[in-house]
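Chains A and B are the protein sequences, given in the same order. Taking my numbering, the leading residue of the first sequence gets 74, the next gets one more, and so forth. Taking my numbering, the leading residue of the second sequence gets 74, the next gets one more, and so forth.
Number of protein chains: 2
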Amino acid sequence: MELRTIRPRIADVAREAGVSKTAVSFAFNSPDRLAPETAVRIREIAEQLGYTPHPVARMLTQRHTLTIGVLTPQALSVIFSNPFFGAFSEGVAGAAEESGYALHFISPLHGSLARAMSRATVDGVVAIGLSDDHPEVEQIRRAGVPIVLVDSTALPEHGSVEIDDVGGARAAAEHLIGLGHRNVLVIGVEPPAPSVAIDPDGVTSRRLRGYREAFAAVGLEIPDESVVVGPASIDGGIAALNRAWEDGMRPTAVLAMSDAMAIGAMRALRDMRLTIPGDVSVVGFDDIDLAPHVDPPLTTVHQPIRRMGEEAVSLLLSVVQRRDPSGPEHRRLETRLIVRGSTGPAPLEAQREGAGVND
Amino acid sequence: MELRTIRPRIADVAREAGVSKTAVSFAFNSPDRLAPETAVRIREIAEQLGYTPHPVARMLTQRHTLTIGVLTPQALSVIFSNPFFGAFSEGVAGAAEESGYALHFISPLHGSLARAMSRATVDGVVAIGLSDDHPEVEQIRRAGVPIVLVDSTALPEHGSVEIDDVGGARAAAEHLIGLGHRNVLVIGVEPPAPSVAIDPDGVTSRRLRGYREAFAAVGLEIPDESVVVGPASIDGGIAALNRAWEDGMRPTAVLAMSDAMAIGAMRALRDMRLTIPGDVSVVGFDDIDLAPHVDPPLTTVHQPIRRMGEEAVSLLLSVVQRRDPSGPEHRRLETRLIVRGSTGPAPLEAQREGAGVND
DNA sequence: TATCTTCGCTAAACCGGTTTGCTAAACCGG
DNA sequence: CCGGTTTAGCAAACCGGTTTAGCGAAGATA
Numbered sequence: 074m075e076l077r078t079i080r081p082r083i084a085d086v087a088r089e090a091g092v093s094k095t096a097v098s099f100a101f102n103s104p105d106r107l108a109p110e111t112a113v114r115i116r117e118i119a120e121q122l123g124y125t126p127h128p129v130a131r132m133l134t135q136r137h138t139l140t141i142g143v144l145t146p147q148a149l150s151v152i153f154s155n156p157f158f159g160a161f162s163e164g165v166a167g168a169a170e171e172s173g174y175a176l177h178f179i180s181p182l183h184g185s186l187a188r189a190m191s192r193a194t195v196d197g198v199v200a201i202g203l204s205d206d207h208p209e210v211e212q213i214r215r216a217g218v219p220i221v222l223v224d225s226t227a228l229p230e231h232g233s234v235e236i237d238d239v240g241g242a243r244a245a246a247e248h249l250i251g252l253g254h255r256n257v258l259v260i261g262v263e264p265p266a267p268s269v270a271i272d273p274d275g276v277t278s279r280r281l282r283g284y285r286e287a288f289a290a291v292g293l294e295i296p297d298e299s300v301v302v303g304p305a306s307i308d309g310g311i312a313a314l315n316r317a318w319e320d321g322m323r324p325t326a327v328l329a330m331s332d333a334m335a336i337g338a339m340r341a342l343r344d345m346r347l348t349i350p351g352d353v354s355v356v357g358f359d360d361i362d363l364a365p366h367v368d369p370p371l372t373t374v375h376q377p378i379r380r381m382g383e384e385a386v387s388l389l390l391s392v393v394q395r396r397d398p399s400g401p402e403h404r405r406l407e408t409r410l411i412v413r414g415s416t417g418p419a420p421l422e423a424q425r426e427g428a429g430v431n432d
Numbered sequence: 074m075e076l077r078t079i080r081p082r083i084a085d086v087a088r089e090a091g092v093s094k095t096a097v098s099f100a101f102n103s104p105d106r107l108a109p110e111t112a113v114r115i116r117e118i119a120e121q122l123g124y125t126p127h128p129v130a131r132m133l134t135q136r137h138t139l140t141i142g143v144l145t146p147q148a149l150s151v152i153f154s155n156p157f158f159g160a161f162s163e164g165v166a167g168a169a170e171e172s173g174y175a176l177h178f179i180s181p182l183h184g185s186l187a188r189a190m191s192r193a194t195v196d197g198v199v200a201i202g203l204s205d206d207h208p209e210v211e212q213i214r215r216a217g218v219p220i221v222l223v224d225s226t227a228l229p230e231h232g233s234v235e236i237d238d239v240g241g242a243r244a245a246a247e248h249l250i251g252l253g254h255r256n257v258l259v260i261g262v263e264p265p266a267p268s269v270a271i272d273p274d275g276v277t278s279r280r281l282r283g284y285r286e287a288f289a290a291v292g293l294e295i296p297d298e299s300v301v302v303g304p305a306s307i308d309g310g311i312a313a314l315n316r317a318w319e320d321g322m323r324p325t326a327v328l329a330m331s332d333a334m335a336i337g338a339m340r341a342l343r344d345m346r347l348t349i350p351g352d353v354s355v356v357g358f359d360d361i362d363l364a365p366h367v368d369p370p371l372t373t374v375h376q377p378i379r380r381m382g383e384e385a386v387s388l389l390l391s392v393v394q395r396r397d398p399s400g401p402e403h404r405r406l407e408t409r410l411i412v413r414g415s416t417g418p419a420p421l422e423a424q425r426e427g428a429g430v431n432d
């Protein structure tokens with residue numbers, strides 16, 4: 074049973090080298106303040122002792138951590154099951170790394186985002202999909218940590234990046250309407266906290282509004298019963314669709330608010346021996362990398378996922394690094410519908426009747 | 074232009090409440106050492122001042138960070154583009170969160186993993202796909218940070234979790250051989266450092282060994298020219314396959330070491346108007362969630378990705394939390410071939426000739 | 001030779017908390 | 001009323017570094 078080796082401290086190096094702690098610190102951080110040979114000697118001794126400056130101690134005096142936090146409203150284990158998040162992280166990571174920042178993921182620790190946040194040692198935070206009335210936002214602000222909100226209703230005092238959810242959703246719905254669909258099922262993403270109803274300003278509500286606007290424009294409506302929600306994953310999509318079917322819904326098309334859910338829905342439909350888009354059309358939202366490669370290729374609303382991550386970090390760093398004379402910025406990115414193979418004309422009999430009859 | 078509010082310190086609260094710093098600290102950490110009403114009063118004042126204990130300072134005295142690091146050999150922006158990593162992170166995150174740990178991703182900062190690592194404030198590290206001769210492993214050990222290696226050659230002194238790469242690869246190759254394929258293209262994952270050749274102990278080499286064993290068993294071999302590598306992403310797969318084609322290769326099957334690359338390869342083949350598996354069979358490696366949903370459903374080697382992440386964290390925490398009387402543990406997980414729709418019999422003419430002729 | 005810089009280095013303060021050791025007052029049984 | 005135990009709270013040390021102010025010696029300038 075070996076003794077856990079003790080980490081050498083700066084004082085150990087100083088003693089060994091016969092210099093002051095200051096000299097050792099200089100040897101690492103500003104070698105030019107030391108005679109070249111002294112600096113080298115100190116570093117050699119440090120090396121040989123296996124000394125590395127303790128990162129936490131260093132953070133404490135330097136007042137920054139070179140880390141940015143990514144705040145998620147749900148457990149990371151569920152967040153990561155959504156490919157959207159992978160792509161978003163890609164953008165965040167790319168921009169962060171370029172500026173020399175590492176990433177720290179913060180998720181509700183045993184239910185409390187606040188507690189998780191109070192432990193996190195970060196210079197700033199990008200929060201994704203956090204409804205802005207979340208008390209944590211206020212708490213973070215009070216702790217003096219800069220934050221930028223992504224996919225949340227913008228708050229004037231924080232930076233934000235949003236996309237045109239309503240427009241994208243409307244385009245998706247218009248596409249279906251043009252194909253003759255009248256009876257659709259909407260699959261929404263579950264609100265972070267399954268507590269209350271649907272956050273009136275969350276992405277689910279915004280996209281739903283877009284869908285409804287399109288239907289309203291042609292004098293139709295999407296009843297609340299036609300909206301079902303679940304976690305944004307393949308399994309979530311499967312479950313949501315099956316639930317709808319069990320409830321007796323027989324739509325000719327489904328509007329999913331996430332590609333993963335759309336893919337799940339297609340799987341579930343297939344398992345019922347329905348064809349896509351022959352019997353049922355499916356349109357997703359996100360346009361993840363794999364969307365063109367699934368069977369059939371997924372018609373979906375493209376959003377610039379990576380760029381959202383990049384922009385968020387860029388906004389954040391501009392305030393973290395105090396290059397920001399002009400107050401928080403708000404950026405809005407466009408969405409666009411990409412028609413692939415998962416949508417087609419509504420079955421004829423369905424176009425005549427109110428509800429589709431299948432098989 | 075508003076003044077950046079200064080974060081209140083413990084001393085501010087103490088002064089305001091007319092008590093010592095100690096009392097304030099007690100109010101937060103061991104309230105039972107204070108008269109109940111004093112504790113309440115202090116907390117109220119703290120609340121009202123917007124005081125939260127500075128996490129870095131707290132870490133310094135408590136000697137732990139409640140954070141575990143995830144070390145990746147490549148930039149996070151490329152790592153995250155591989156769905157495998159998302160699933161792995163899912164496992165890591167799930168296990169970490171359960172024990173109250175947050176996640177810190179560490180990637181080569183401007184090329185140097187060592188520098189990135191020396192900045193990271195973590196209690197332990199799980200390193201994925203890091204070849205063990207990486208100097209950083211030694212550096213981390215010297216810094217006294219516990220580490221467990223995933224998908225790397227196991228080092229006796231560190232915990233590790235590996236999978237049966239050789240067996241999985243062999244099974245994939247045997248499957249193709251059984252279908253009559255003789256001329257295959259291998260698409261490997263790029264070694265982290267594009268420096269030297271292929272790390273003789275990395276996952277690419279191990280899987281290649283498996284492929285070759287299977288071929289050797291029937292008296293065939295896979296020449297080095299039939300092995301091409303690239304980044305483990307869809308685009309990497311597209312590029313790798315196109316490169317092989319330009320070099321004149323005309324295999325009847327491709328063995329990809331990652332599902333993302335396999336999917337890319339299928340795309341590239343499709344774009345050449347080849348059918349899968351009619352003209353060319355494709356088998357992947359990983360069995361990501363989307364593998365069954367692509368077109369055609371991907372035949373691939375399943376590995377328990379999430380579990381790898383979970384086991385890694387569990388191993389790591391067992392030493393971080395000093396519950397480990399028995400030295401580092403090594404865990405090995407099984408792989409298995411999952412046959413779906415992307416593989417089929419080799420075209421007849423190809424079975425007779427040496428190289429396939431297409432279209 | 002006297003004064004001013006520069007060079008090389010150090011002692012001490014500081015970052016913002018936690019923890020140890022101790023004391024004075026209150027409490028307690030006899 | 002006395003010695004012993006709690007209780008409530010404080011001062012100081014500590015975690016492990018960085019940074020400021022300053023000092024003596026050497027070299028430059030006058």
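Note that the Cβ used here is the ideal one computed from N, Cα and C, for glycine as well. What you are looking at is a predicted structure, and each value in this text was computed from that prediction instead of being measured.
- In the three-state reduction of the DSSP assignment, serine 225/A falls in the coil class, being assigned neither a helical nor a strand state.
- Annotation for serine 98/A: the continuous alpha helix (DSSP H) segment containing it runs 94-102.
- Contact check between the stretch 133-142 of chain B and the stretch 159-174 of chain A: fewer than three CB pairs, one atom from each, fall below 8 Å, which does not count as touching.
- For phenylalanine 153/A, at least one C-beta of chain B is nearer than 7 Å to its own C-beta.
- The secondary-structure analysis by DSSP pairs glutamate 211/A with nothing; it has no beta-bridge partner.
- Under DSSP, aspartate 359/A takes part in a beta bridge, and its partners are His375/A.
- In this structure valine 199/B touches valine 165/B by the C-beta definition: roughly 6 Å separates them, less than 8 Å.
- By the CB criterion at 7 Å, leucine 388/A and glutamate 402/A fall inside the cutoff.
- In the structure shown, valine 262/A falls within a strand segment according to DSSP collapsed to helix, strand and coil.
- Beta bridge pairing from DSSP links threonine 140/B with Ala175/B.
- When Cβ-Cβ separations below 7 Å define contact, valine 97/B makes no contact with chain A.
- CA-CA distance, leucine 176/B to alanine 193/A, rounds to 10 Å.
- Taking alanine 419/B as reference, the option from Ile349/B, Leu410/B, Arg404/B, Arg395/B with the minimal CA-CA separation is Ile349/B.
- The Cβ atoms of arginine 285/A and isoleucine 295/A lie closer than 7 Å to each other.
- Within the same chain, Cβ atoms closer than 6 Å to the Cβ of isoleucine 336/B are found at Ile307, Val367, the five residues on either side in sequence being excluded.
- Alanine 290/A counts as exposed, since fewer than 16 other beta carbons sit within 10 angstroms of its beta carbon.
- Within chain B, no residue has its CB atom less than 8 Å from the CB of alanine 341/A, the nearest being about 11 Å off.
- Residue environment: aspartate 196/A is assigned as buried (16 or more neighbouring CB atoms within 10 Å of its CB, all protein chains considered).
- Secondary structure note for isoleucine 411/A: it is in no alpha helix (DSSP H), and the uninterrupted beta strand (DSSP E) holding it is 409-411.
- If you draw a straight line from the Cα of leucine 133/B to the Cα of methionine 381/B, it is about 31 Å long.
- Proline 219/B has its alpha-carbon roughly 16 Å from the corresponding atom of alanine 189/B.
- Interface with chain A (7 Å Cβ-Cβ cutoff): serine 150/B is included.
- For asparagine 155/B, the number of other beta carbons within 10 angstroms of its own is at least 16, and it is reported as buried.
- For glutamate 422/A, the closest C-alpha among the options Val353/A, Ala329/A, Val392/A is that of Val353/A.
- Membership of arginine 188/A in the alpha helix (DSSP H) is indicated by the continuous run 186-192.
- One finds Gly123, Thr125 in chain B with Cβ atoms closer than 8 Å to the Cβ of arginine 215/A, taken in chain order.
- Around the beta carbon of proline 229/A, fewer than 16 other beta carbons lie within 10 angstroms, which makes this residue exposed.
- Within the stretch 191-211 of chain A, the residues whose Cβ lies closer than 7 Å to some Cβ of chain B are Ser191, Arg192, Ala193, Thr194, listed in chain order.
- Here histidine 231/B carries a coil assignment [DSSP, helix/strand/coil].
- Beta bridge pairing from DSSP links glycine 240/B with no other residue.
- In this structure, the beta-carbon distance from histidine 248/B to leucine 371/B does not fall below 7 Å.
- With a minimum length of 3 residues, the unbroken runs of beta strand (DSSP E) contained wholly in the stretch 285-319 of chain B fall at 300-303.
- Leucine 122/B carries a helical assignment under DSSP once its states are collapsed to helix, strand and coil.
- Beta-bridge pairing by DSSP links histidine 127/B to no other residue.
- By a beta-carbon distance limit of 8 Å, valine 92/A does not contact alanine 119/A. Their separation comes to about 11 Å.
- In this structure, alanine 148/B places its C-beta atom within 7 Å of the C-beta atom of glutamate 170/A.
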